[in-house]
Structures are given as structure tokens and as C-alpha cells.
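A short write-up of the structure that comes next.
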Amino acid sequence: MDVLVCIKRVPAGGGKFVLTEDEQDIETARLGFAISPHEEVAVEEAVRLVEAHGGSVTVLTLGTPESEEQIREQMAIGADRGILLETDGQEWDPQATASAIADAINADESPFDLVLMGNESADASGYQVGIRVAHALGRPVVTGVKAITVADGRVTCERPTTSAREVYEVPLPAVVTVLDGLNVPRYPSVPGRIRAKKKPIERSTPERPEPRLEKTRLMVPQSEGKQAKVLGTGPEAAPAVVEVLKQIGVV
Amino acid sequence: MVLVVVDHDHGQLDELSLQALTLGRQLAGDLGQPLEAVVVGEDGRAGAAGLGEYGVATAHLAVHPGLSDYAPLATARAAQQLAAQTGATVVLAAGSPRGNEVMAHLGAVTDLPVAADCLAIRPGDPTSVTRARWGGSLIEEATVHATTTLATVAAHAVPAEPGGATTTTVTDFSPELSDADLLVQARPAPEQEASGSVSLADAKVVISGGRGVGSAEGFAPLEELAGLLGGAVGCSRVVTGNGWRPHSEQVGQTGTKIAPDLYVACGISGATQHIAGCRNAKTMIVINDDPEAPIMGYADYAVIGDLKKILPAVIDEVKKAQA
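Protein sequences, first through last, are from chains A and B.
The opening position of the first sequence corresponds to residue 30 in the numbering used here, with each subsequent residue numbered one higher.
The opening position of the second sequence corresponds to residue 985 in the numbering used here, with each subsequent residue numbered one higher.
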């Protein structure tokens, strides 16, 4: 089976975000880049499915030319080829993103039996690109998935709810968006990294339509800037902790 | 008209949908328009009838023979058909997995933009929204270029507050659904383990551990404290990555986002990934040996030192207080 995984290059932030002066972006001069944990497990799952059933893994991203770095990282894990839809760094809204991805899938030689994505992107967190791509392709979509089984041309997906689990079963080809925890992704091997350098990446430059959900500015939430009141140091602080628990009524 | 998609679990109204309804009521007030709701499935009837408490005069109950369990696209079709019939200018849902999913389907079938996880919606020409990015670690102001505004309301952005009390009329409505609309429909997993413990998402108290806990065994005092306080155990992504705890306990942007009364963060440094999951805790206490850890900037109280010594002392004090 041929699996397509959509990924997105995002800043890898450990601490607080600092914004650029125009409040349009995160200041990334001192940050590395990564993909979302949801997408890491999507790539791992795709590689496992192809190891079990045969076929190929393709990684697609819409992003700046630097996104090649993230494609190569997925190739080191086992993806066979890449599709890079190059942008100039301006934001693409969810509709424009989904439409560019669907166009790229339709234009490709492979039918892509399964399209995997993260349930939501780490940065914009719009929760909709996978669903919009599925509609554009006329395929069923299951979201928020934490277990995948493929057999007899069907994909069975489990998704957690707050108290239980639900099961969805749909025919292939399908779109499935996944959650962190689906699996534990492997680390790339040294030979994997070497092979990744030679794998093919197809590039194109789609035209960005006018955004219909248009970012005007970013802000750091106001609750930031709190500072914890230190109750004490070491076990001697235990009575002070319990005093707080009494105040808020949990003891 | 402002139409809110209200989710329920076999008749039990969804808390996040009631939060969406609360924001919807304010918005309807701003617009001088009525607030209506759509509830899917016969078992939602009693819940729909009770929505008057939240200011809903008309609740549309979507019933269809093919619609027994949650079906995201079918729910979106019901909302689409009702919105068209009633001339809704705003359609809202909860910022929950289901709410975001239904609204994305609605956006796709109507070719309208969707603003997910909104904290505020300002009607106008065009409408503008404030929404959460990075799981709430950043806030975005955005403009929605559409005649009908589709949005979800970020979890815990507003508390669910009754108001505008009225008597609800429940109107039955049969959406037209194709087989394709019903293709993706939930069925319960076969062996549902009935766990007696408090679920992480609903727990009033969460005792959470990070890298500083050091090992799977290190979670024993966290479990004991959670047990004493009737709470649940949580953890950071490092912990699930190391296999110390199951992923179902992960609190964070890609784990569970919670809003307990009390969050105790033990040995957690406070990466943005983690903070996105616990920033809505009413009170946060940190136990950490590093007074400079980023998490101090999000917490109300802190104890500095070795959690392996501090936790047993806290457990003893709690037992004394409860005796």
C-alpha cells in the first residue's frame, strides 16, 4: 500500500515564545525546528504499515524551502520520497492548505491508499486540514486516532473518548488523522540518515489564495508573568502545602 | 440567529458544549438575535429540553433512522440543513475533539472558513475572533471573511453559566442523509474496561510527574497522594516517552488538556508542550528542585527541594488532616 503523510515544519519551543516586532510570527532566530508529535507518530505508523504490507511512504509538506530538513528527517526514519509545496513563508489558511494538498495528491501518480496527518498542526491548531482534504478527494476521514489496523482493503481506527474508546471502520482509500501516543517513534539510524540524503524530493510552487481566515496578529497570553509563591524548602514545607489544600477545599 | 451544536453522551450534556452555549448566548445578545441549539439523536431529547436554562428557546432535535451513534459528517449535515433553513449567521460548537471535527466537516461541505478554539468572537463586517494557537501557548487575532461565521469555542475559555432562562421548545427535525454521510459512525470498542478510578479529564485534583520523578517506581507516592485526594495521576511527555506511564495520562498540547481545581506538578520543568495542557488549572503547586524552572512562571505555589523527600511528608500531613 502507498501511504502519504503530511507534515509541517514548526519552531521547536521549549520555553516561552517571543514574538517578532510586527507580531506576525514567533521570533525563531534562536530556535530549532521540528514537526508535531502527532506527525512523528503518523510517519512511524506509515513506515510500520509499509514494512508489514509492502508499498511506499511519501512525505508531503507545504512550507518554506527549509522544510526540506523535516522531509529528510522523515526519510531517515523510512519515508521513500518527498513532495515539497514551496511557500515564501506567508501563512496559508486551512482552506488554502487543504486545497493545495488535495491538488498535489490528485496530480501524483500514486493513488495513496492511505493519507495520514496529525489531528491538528502544532502551531495554527485549526483541526480541519485533514477533513477538508478528505472532502476534496471524496474519501472518508477518521480523526483523533490512536490505533490503526489495515486489513482486506479497510482501515479500522480506535479513538479515545474521555471515558472509553470508539471504533471506526472505513474502506480504503481513506484519510486518517492521528494523535501522539499512537506508537513510540523510532530514532533514525546512521545508515538511514545517509540513505535519506539521496532520496527524491519533488518541488512545486502553488499560488497562495487570499486567506479567508486571516491572521492579524499574535499575542502572548496575559496569564504569563505569574510567579509562584515559595511555601518553603524541603519536607518542612509539607504543613504549608496542606494549609493551601485546606484553603481550596481539597482536604 | 446563533446556532450552537450541543453534544451529549447518551443524553448527558457535554460540559464544553455548555461553555460554547454560554459564549453563544453573549454573542446572540450582542447581535440582537435568538439563540438556538441543535442536538443529534433521540437520546438527546431530555437534554435538549433542559437547554432553556442556558437561554435556548428552540432546540432542534435531529433524528434519523440511520443515526444511532455519533457520526461526524451526519452531524455536520444536520447543522448545515438547519443553518440554511433558519438563516443562521453564526454556527458554534465546542472546542472538543467532536466539536472541532463536526465544524471542520461543516466548513468543508459549505466551503466556509472555520475558526477553531476561539476565546472571543466579535461580530462585525468582517467578523473578528481571538483564538488559541499552540494549544493556548499563543493567542491569535484573526478576521473571518465569510457571510456565516463558523467557530468552535476553546475549552475552558468561558465557564458554562446558566442564564437568560426560558422555556425550551424541542422541535424534531429529520436531516436528509446519504449513505456517505453515515459511512463514518462510531461504535463502542468491544471490551470496555470499566475502570473504577477517576478519569484524568474529569479529575478535580491531578498529581502529575515529569522527568524529575526519575522512574516508573518513582510514581508510587504520586499515586498515593492522588488516591488520598480523590484525584488522578498525570505526567509529562518525557514520562510517556520513557515508558514510565501510559500515554493516556499525558497532560499537554498533544495529550489531555485539563482544568482541575488543583494541579500538583512534581519534577516538571514546564515546556510549552506541557503548559498547554495544564494552564487552566485553578490552583497549581510545583514541587521542583530548580527554583528557576520555567513552570514557576505558571504556578501559584512552589516547594523547592527533592520531591522524593517532600511528597512523603505531604502525604503524612494530608493523612493527619484527614484523620
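Heads up, the beta-carbon is just placed ideally off N, CA and C, and yes, glycines get one too.
All figures in this text were calculated on a predicted structure; none of them were measured in a lab.
Could you check whether residue j and residue i sit closer than 9 Å to each other, using their CB atoms as the reference points?
| i | j | result |
| --- | --- | --- |
| A:V196 | A:K175 | no |
| A:G111 | A:K228 | yes |
| A:L60 | A:S233 | no |
| A:V34 | A:A108 | yes |
| B:L1246 | A:L274 | yes |
| B:V1298 | B:P1244 | no |
| B:T1132 | B:A1058 | no |
| B:L1184 | B:V1235 | yes |
| B:W1118 | B:Q1003 | no |
| B:L1134 | B:P1081 | no |
| B:R1221 | B:G1239 | yes |
| B:A1141 | B:L1007 | yes |
| A:L166 | A:N212 | no |
| B:I1123 | A:V70 | no |
| A:A41 | A:F62 | yes |
| B:R1229 | B:A1200 | yes |
| A:L201 | A:A133 | no |
| B:S1253 | B:P1278 | yes |
| B:V1137 | B:D1101 | yes |
Tell me where the alpha helix (DSSP H) around residue i begins and ends.
| i | result |
| --- | --- |
| B:T1114 | No alpha helix (DSSP H) contains B:T1114, which is instead part of the beta strand (DSSP E) from T1111 to R1117. |
| A:L260 | Per DSSP, A:L260 belongs to no alpha helix (DSSP H); it is in the beta strand (DSSP E), K258 to T262. |
| A:K275 | A267 to Q276 |
| A:A105 | E97 to I106 |
| A:P220 | V219 to A225 |
| B:V1222 | R1221 to G1225 |
| B:A1033 | R1029 to A1033 |
So, at 8 Å on beta carbons, what are the nonlocal neighbours of residue i in its own chain, with the 5 sequence-adjacent residues on each side left out?
| i | result |
| --- | --- |
| B:G1289 | I1271 and D1273 |
For the beta strand (DSSP E) that residue i lies in, which residues bound it at each end?
| i | result |
| --- | --- |
| B:D1156 | T1153 to F1157 |
| B:S1001 | That residue, B:S1001, is in no beta strand (DSSP E); its alpha helix (DSSP H) goes E999 to L1015. |
| A:D31 | D31 to I36 |
| A:P200 | R194 to P200 |
| B:T1136 | T1133 to A1138 |
| A:V179 | A176 to A180 |
| B:I1269 | T1267 to N1272 |
| B:L1246 | L1246 to C1250 |
| B:I1279 | Element bounds for B:I1279: n/a, residue is neither H nor E. |
| B:A1077 | V1074 to G1079 |
| B:E1124 | L1122 to V1128 |
Helix, strand or coil for residue i? Go by DSSP, reduced to three states.
| i | result |
| --- | --- |
| A:N135 | helix |
| A:F46 | coil |
| A:S233 | strand |
| A:E52 | coil |
| B:K1241 | coil |
| B:N1084 | helix |
| B:V988 | strand |
| B:F1203 | helix |
| B:V1298 | helix |
| B:Y1285 | strand |
| B:D1053 | coil |
| B:L1042 | The displayed chain sequence assigns Thr, not Leu, to residue 1042 of chain B. In the structure shown, B:T1042 sits in a strand (DSSP, three-state: E or B). |
| A:R161 | helix |
| A:P66 | helix |
| A:E243 | strand |
| A:T191 | coil |
| B:S1232 | helix |
| A:E73 | helix |
| B:Q996 | strand |
| B:G1108 | coil |
| A:T126 | helix |
| B:L1166 | helix |
| B:R1263 | coil |
Does the beta carbon of residue i come closer than 9 Å to any beta carbon on chain C?
| i | result |
| --- | --- |
| A:N148 | Considering every chain present, this structure includes no chain C. Its protein chains are A and B. |
Among residues of its own chain, excluding the 5 on either side of residue i, which ones have a beta-carbon nearer than 6 Å to its beta-carbon?
| i | result |
| --- | --- |
| B:A1055 | L1166 and Q1169 |
| B:S1332 | The shown model of chain B, from 985 to 1307, leaves out residue 1332 of chain B, and the question about it has no answer. |
| A:P235 | L114 and A129 |
| B:T928 | Summary: the structure shown does not reach residue 928 of chain B, with chain B confined to residues 985 through 1307, and so no result is reported for it. |
| B:A1012 | V986 and L1019 |
| A:I55 | P40 and F46 |
| A:T178 | T185 |
For residue i, which residues in the same chain have their Cβ closer than 7 Å to its Cβ, ignoring the five residues on either side in sequence?
| i | result |
| --- | --- |
| B:R1009 | L1019, Y1038, G1039, G1147 and G1148 |
| B:G995 | D1027, G1028, A1030 and G1031 |
The segment 1049 to 1061 of chain B / the segment 1156 to 1165 of chain B touching (three or more Cβ pairs under 8 Å): Under the three-pair Cβ rule at 8 Å, the segment 1049 to 1061 of chain B counts as touching the segment 1156 to 1165 of chain B.
At least three beta-carbon pairs within less than 8 Å, the segment 144 to 161 of chain A to the segment 253 to 262 of chain A: No, because fewer than three Cβ pairs between the segment 144 to 161 of chain A and the segment 253 to 262 of chain A fall closer than 8 Å, the two stretches do not touch.
The segment 184 to 198 of chain A contacting the segment 150 to 160 of chain A, beta-carbon criterion three pairs below 8 Å: Segments in contact, no.
Contact between the segment 1083 to 1090 of chain B and the segment 1105 to 1123 of chain B (3+ Cβ pairs under 8 Å): Using a C-beta cut-off of 8 Å, the segment 1083 to 1090 of chain B makes no contact with the segment 1105 to 1123 of chain B, since fewer than three inter-stretch Cβ pairs fall below that distance.
Contact the segment 114 to 127 of chain A vs the segment 91 to 103 of chain A: 3+ CB pairs below 8 Å: Flag = yes, the segment 114 to 127 of chain A and the segment 91 to 103 of chain A touch.
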